[in-house]
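Visitor:
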Amino acid sequence: MTATRGLEGIVATTSSVSSIIDGVLTYRGYNIDDLADYASFEEVVYLLWYGKLPNQKELDGFKAELSKHYALPKQVLDMIKSFPLDKIHPMAAVRTAVSSLGLYDEEADDMNEEANFTKAIRLQAKLASIVAAFSRLRDGLEIIEPKEDLSYAANFLYMLNGEEPDDISEKAFNKALVLHADHELNASTFTARVCVATLSDVYSGVTAAIGALKGPLHGGANERVMRMLSEIGDPENVEEYLKGALERKEKIMGFGHRVYKDGDPRAKHLREMSKQLTHTTGETKWYEMSVKLDELMTNEKGLLPNVDFYSASVYHSLGLKHDLFTPIFAMSRVSGWLAHILEQYDNNRLIRPRAEYIGPDMQKFVAIENR
Ligand code: ACO
Numbered sequence: 041m042t043a044t045r046g047l048e049g050i051v052a053t054t055s056s057v058s059s060i061i062d063g064v065l066t067y068r069g070y071n072i073d074d075l076a077d078y079a080s081f082e083e084v085v086y087l088l089w090y091g092k093l094p095n096q097k098e099l100d101g102f103k104a105e106l107s108k109h110y111a112l113p114k115q116v117l118d119m120i121k122s123f124p125l126d127k128i129h130p131m132a133a134v135r136t137a138v139s140s141l142g143l144y145d146e147e148a149d150d151m152n153e154e155a156n157f158t159k160a161i162r163l164q165a166k167l168a169s170i171v172a173a174f175s176r177l178r179d180g181l182e183i184i185e186p187k188e189d190l191s192y193a194a195n196f197l198y199m200l201n202g203e204e205p206d207d208i209s210e211k212a213f214n215k216a217l218v219l220h221a222d223h224e225l226n227a228s229t230f231t232a233r234v235c236v237a238t239l240s241d242v243y244s245g246v247t248a249a250i251g252a253l254k255g256p257l258h259g260g261a262n263e264r265v266m267r268m269l270s271e272i273g274d275p276e277n278v279e280e281y282l283k284g285a286l287e288r289k290e291k292i293m294g295f296g297h298r299v300y301k302d303g304d305p306r307a308k309h310l311r312e313m314s315k316q317l318t319h320t321t322g323e324t325k326w327y328e329m330s331v332k333l334d335e336l337m338t339n340e341k342g343l344l345p346n347v348d349f350y351s352a353s354v355y356h357s358l359g360l361k362h363d364l365f366t367p368i369f370a371m372s373r374v375s376g377w378l379a380h381i382l383e384q385y386d387n388n389r390l391i392r393p394r395a396e397y398i399g400p401d402m403q404k405f406v407a408i409e410n411r
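Residue numbers (this note's numbering): 41 to 411.
(1) Flag this pair as yes or no: are the beta carbons of valine 116 and glutamate 383 separated by less than 8 Å?
(2) Look at the Cβ atom of leucine 47, then the Cβ atom of glycine 376, and state whether they are nearer than 8 Å.
(3) Taking the alpha helix (DSSP H) that leucine 378 belongs to, which residues open and close that run?
(4) Please confirm whether arginine 233 and histidine 129 have their CB atoms less than 8 Å apart.
(5) Taking leucine 1 as the reference, give the member of Ile208, Gly180, Val218, Arg264 with the closest Cα.
(6) Applying the 10 Å Cβ sphere with the 16-neighbour rule, what's the burial state of histidine 319?
(7) Who does asparagine 71 pair with in a DSSP beta bridge?
(8) Out of Val246, Ser330, Val218, Val171, which one is the CA nearest neighbour of methionine 266?
(9) Is valine 278 close to the ligand ACO? I mean its beta-carbon at under 7 Å from any heavy atom of the ligand.
(10) Evaluate contact between the region 255-266 and the region 342-360, counting only Cβ atoms and requiring at least three cross-stretch pairs below 8 Å.
(11) Using a Cβ-Cβ cut-off of 6 Å (strictly less than) and excluding sequence neighbours within five positions of leucine 310, which residues of its own chain qualify?
(12) Distance check for leucine 219 and isoleucine 60, CA to CA, integer angstroms please.
(13) Is there at least one non-hydrogen atom of the ligand ACO closer than 7 Å to the beta-carbon of histidine 297?
(14) For the ligand ACO, is there any heavy atom lying closer than 7 Å to the beta carbon of leucine 257?
(15) Are the beta-carbon atoms of threonine 247 and arginine 135 separated by less than 8 Å?
(16) Where lysine 211 and glycine 49 are concerned, what is the direct C-alpha to C-alpha distance, given to the nearest angstrom?
(17) Is it true that the region 147-162 meets the region 185-192, where meeting means three or more beta-carbon pairs spaced less than 8 Å apart?
(18) Find the nearest neighbour of alanine 261 within the set Asp348, Ala132, Lys108, judged by alpha-carbon distance.
(19) Measure the Cβ-Cβ separation of glutamine 164 and leucine 378 and say whether it is below 8 Å.
(20) Which term fits valine 83, buried or exposed, when burial requires 16 or more other beta carbons within 10 angstroms of its beta carbon?
(21) With respect to 7 Å, is the separation between the Cβ of glycine 24 and the closest non-hydrogen atom of the ligand ACO below this value?
(22) Quick one: Cα of glycine 69 to Cα of leucine 93, how far?
(23) Count the other C-beta atoms from every protein chain shown that fall within 10 angstroms of the C-beta of lysine 283, then say buried if there are 16 or more, exposed otherwise.
(24) Measuring CB atoms only, is the region 285-294 touching the region 235-247, in the sense that at least three cross pairs come out at less than 8 Å?
(25) Would you kindly work out how many angstroms separate the C-alpha atoms of tyrosine 327 and glycine 399, rounded to a whole number?
(26) With distances taken Cα to Cα, identify the nearest neighbour of methionine 131 among Lys108, Ile250, Phe196.
(27) In three-state DSSP terms, what is phenylalanine 157?
(28) With respect to 7 Å, is the separation between the Cβ of valine 134 and the closest non-hydrogen atom of the ligand ACO below this value?
(29) Nearest to asparagine 339 by CA position, among Thr366, Glu279, Arg392, Arg373, is which residue?
(30) Nearest CA to the CA of leucine 253: which residue from Met151, His109, Lys308, Arg373?
(31) Compare the Cα-Cα distances from valine 64 to each of Val299, Ile391, Lys332, Met313 and report the closest residue.
(32) When the Cα atoms are used, what is the spatial distance from aspartate 150 to aspartate 126?
(33) Leaving out five residues on either side along the sequence, give the residues of the same chain with a beta carbon under 8 Å from the beta carbon of threonine 42.
(34) Buried or exposed: which applies to tyrosine 86, given that a residue is buried once 16 or more other Cβ atoms fall within 10 Å of its Cβ?
(35) Is it the case that the CB of asparagine 152 approaches a heavy atom of the ligand ACO more closely than 7 Å?
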């Protein structure tokens with residue numbers, strides 16, 4: 041038995057949720073470029089879960105169903121209030137709060153297909169409420185009740201900021217959610233599938249996935265991109281910063297990808313959004329620094345930006361706190377995790393690979409008094 045490090049190139053399952061073929065990303069066969077330009081996030085969630093785009097009636101029904109579930113159980117809100125809010129990373133708070141949602145859902149362990157779809161809707165709605173509630177409580181602010189007539193994107197920004205977003209912000213945020221919704225068998229989705237393939241419940245699967253997304257090699261990279269841009273400070277400093285970081289053999293966050301070698305198809309959308317939004321805010325330096333880093337990394341290392349690179353300056357321009365970038369990623373990706381969880385239940389087999397053993401040969405046990 042020989043191990044394949046990081047399971048690179050291993051095809052671990054079949055899936056009809058999303059595909060990456062010849063560098064093209066599709067959700068259920070629809071090119072991400074079209075979905076990014078034309079679809080609402082709710083349409084995309086419906087597509088991922090039900091396998092087809094909704095008609096207007098189906099979409100209206102789905103949105104109404106989602107908006108019924110924004111409210112968090114009082115116990116979960118009280119628990120968030122009890123967190124050491126100013127000392128913890130929001131991803132740790134979101135992971136713990138999502139896990140606790142399962143405690144107050146009587147259907148948590150009901151493995152019936154209908155119950156699992158209902159839990160998916162609850163989780164999708166409540167994740168936005170958890171991120172917004174955490175952020176407001178941390179800032180000592182009152183929690184804002186959702187507005188049921190707003191889109192998922194607009195409602196989240198409303199619950200976060202206490203005011204409805206303008207049209208440009210809503211559209212940009214919606215697009216970012218669409219672009220992050222699913223991505224074949226990425227690390228967090230694989231984690232979710234491994235977890236529920238033991239026939240564990242939906243809440244456990246999503247909690248496990250949040251833990252995997254948190255890491256800087258995966259979803260945690262977007263926050264770190266912003267940290268890097270803030271450290272660089274000015275387009276003039278990019279070259280020197282990059283030279284030093286590469287000499288120190290540091291990884292440059294937001295670059296490289298396990299699957300895409302010719303570019304991440306989501307990055308071009310985010311790059312354009314970054315250009316437009318930084319122009320609107322008047323802080324074009326974030327875009328300029330990003331483009332300079334992009335050019336230098338491409339020329340010097342042959343590494344291209346991934347989804348996390350330009351999303352950093354996009355989220356910053358939307359006025360979002362930097363440590364909320366990864367929780368916002370989770371708010372979108374939970375739709376993909378849930379689609380994969382439902383698919384896994386539908387045709388389940390335990391996921392249990394092998395390890396190539398590289399430890400000591402057979403050893404003779406020695407009693408503790410003789411060691
Ligand atoms: N900066 C500098 N060098 C890099 C980078 C980077 N961002 N990415 C890869 N490399 C180098 C590696 O050092 C390695 O070089 P070596 O062969 O000389 O040792 C080579 O390219 C191959 O890199 P691996 O890390 O082995 O590639 P892998 O497929 O395992 O990792 C990953 C992919 C994790 C995305 C990697 O490119 C990385 O760490 N990028 C930065 C973190 C990041 O942006 N993560 C978000 C990914 S997108 C997402 O999850 C949503």
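Backbone N, C-alpha and C fix where the C-beta goes; we use that ideal spot for every residue, glycine too.
Guide: Taking the structure as given:
(1) Position 76 of the sequence shown, counted from the first residue, corresponds to residue 116. Position 343 of the sequence shown, counted from the first residue, corresponds to residue 383. No. Outside cutoff.
(2) Position 7 of the sequence shown holds residue 47. Position 336 of the sequence shown holds residue 376. Contact: no.
(3) To locate residue 378, count along the sequence shown from 1; it is residue 338. Start and end: 365-386.
(4) The residue you call residue 233 lines up with position 193 of the sequence shown. The residue you call residue 129 lines up with position 89 of the sequence shown. Contact: no.
(5) Since the first residue shown for the chain is 41 and the last is 411, residue 1 is missing from the structure and cannot be characterised.
(6) In the sequence shown, residue 319 corresponds to position 279, counting from 1. Exposed, because fewer than 16 other Cβ atoms sit within 10 Å of the Cβ of histidine 319.
(7) What you label residue 71 is simply residue 31 of the sequence shown in a count that begins at 1. For asparagine 71, which the question treats as bridged, DSSP gives the partners Thr66.
(8) Residue numbering aside, residue 266 sits at position 226 when the sequence shown is read from its first letter. Of Val246, Ser330, Val218, Val171, the residue nearest in Cα terms is Ser330.
(9) Translated into positions along the sequence shown, residue 278 becomes position 238. No.
(10) yes
(11) Indexing the sequence shown from 1 puts residue 310 at position 270. Only Tyr350, Ser351, Val354 meet the Cβ criterion.
(12) Stepping through the sequence shown from its first residue, residue 60 is reached at position 20. Stepping through the sequence shown from its first residue, residue 219 is reached at position 179. Going from the Cα of isoleucine 60 to the Cα of leucine 219 covers about 14 Å.
(13) The residue given as residue 297 occupies position 257 in the sequence shown. True, at least one ligand heavy atom lies under 7 Å from that Cβ.
(14) In the sequence shown, residue 257 corresponds to position 217, counting from 1. Correct: leucine 257 has its Cβ closer than 7 Å to the ligand ACO.
(15) What you label residue 247 is simply residue 207 of the sequence shown in a count that begins at 1. What you label residue 135 is simply residue 95 of the sequence shown in a count that begins at 1. Yes. Within cutoff.
(16) The residue labelled residue 211 in the question sits at position 171 within the sequence shown. The residue labelled residue 49 in the question sits at position 9 within the sequence shown. The straight-line gap from Cα to Cα measures roughly 36 Å.
(17) no
(18) As a position in the sequence shown, residue 261 is number 221, starting the count at 1. Among Asp348, Ala132, Lys108, the Cα nearest to that of alanine 261 belongs to Asp348.
(19) Here residue 164 refers to the residue found at position 124 of the sequence shown. Here residue 378 refers to the residue found at position 338 of the sequence shown. Cβ distance < 8 Å, so glutamine 164 and leucine 378 count as in contact.
(20) What you label residue 83 is simply residue 43 of the sequence shown in a count that begins at 1. Sequence inspection shows glutamate at residue 83; the valine mentioned does not correspond to that position. It is buried - the Cβ of glutamate 83 has at least 16 other Cβ atoms within 10 Å.
(21) Beyond the ends of the chain as shown, which are 41 and 411, falls residue 24; an answer cannot be given.
(22) Numbered from its first residue, the sequence shown carries residue 69 at position 29. Numbered from its first residue, the sequence shown carries residue 93 at position 53. When rounded, the separation of the alpha-carbon atoms in glycine 69 and leucine 93 is 11 Å.
(23) What you label residue 283 is simply residue 243 of the sequence shown in a count that begins at 1. Exposed: under 16 other Cβ atoms inside 10 Å.
(24) No, they do not touch.
(25) Counting from one through the sequence shown, the residue named residue 327 turns up at place 287. Counting from one through the sequence shown, the residue named residue 399 turns up at place 359. Those two C-alpha atoms are separated by around 49 Å.
(26) Start at 1 with the first residue of the sequence shown, and residue 131 comes out as number 91. Among Lys108, Ile250, Phe196, the Cα nearest to that of methionine 131 belongs to Ile250.
(27) In the sequence shown, residue 157 corresponds to position 117, counting from 1. Reduced to three states, the DSSP call for phenylalanine 157 is helix.
(28) If you number the sequence shown from 1, residue 134 lands on position 94. Checking the Cβ of valine 134 against the ligand ACO gives no.
(29) Here the question's residue 339 lines up with position 299 in the sequence shown. The shortest C-alpha separation from asparagine 339 is found at Glu279.
(30) If you number the sequence shown from 1, residue 253 lands on position 213. With distances taken between Cα atoms, leucine 253 lies closest to Arg373.
(31) Walking along the sequence shown from the start, residue 64 turns up at place 24. Taking only the C-alpha atoms, the option nearest valine 64 is Val299.
(32) Along the sequence shown, one-based indexing puts residue 150 at 110. Along the sequence shown, one-based indexing puts residue 126 at 86. Their Cα atoms are separated by approximately 36 Å.
(33) Counted from its first residue, the sequence shown places residue 42 at position 2. Exclusion of the five residues before and after threonine 42 leaves Glu396 as the residues of its chain whose Cβ lies within less than 8 Å of its Cβ.
(34) On the sequence shown, residue 86 is found 46 positions in, with the first residue counted as 1. Buried is the call here.
(35) Reading the sequence shown from its first residue, position 112 is the one you call residue 152. Outside the cutoff, so no.
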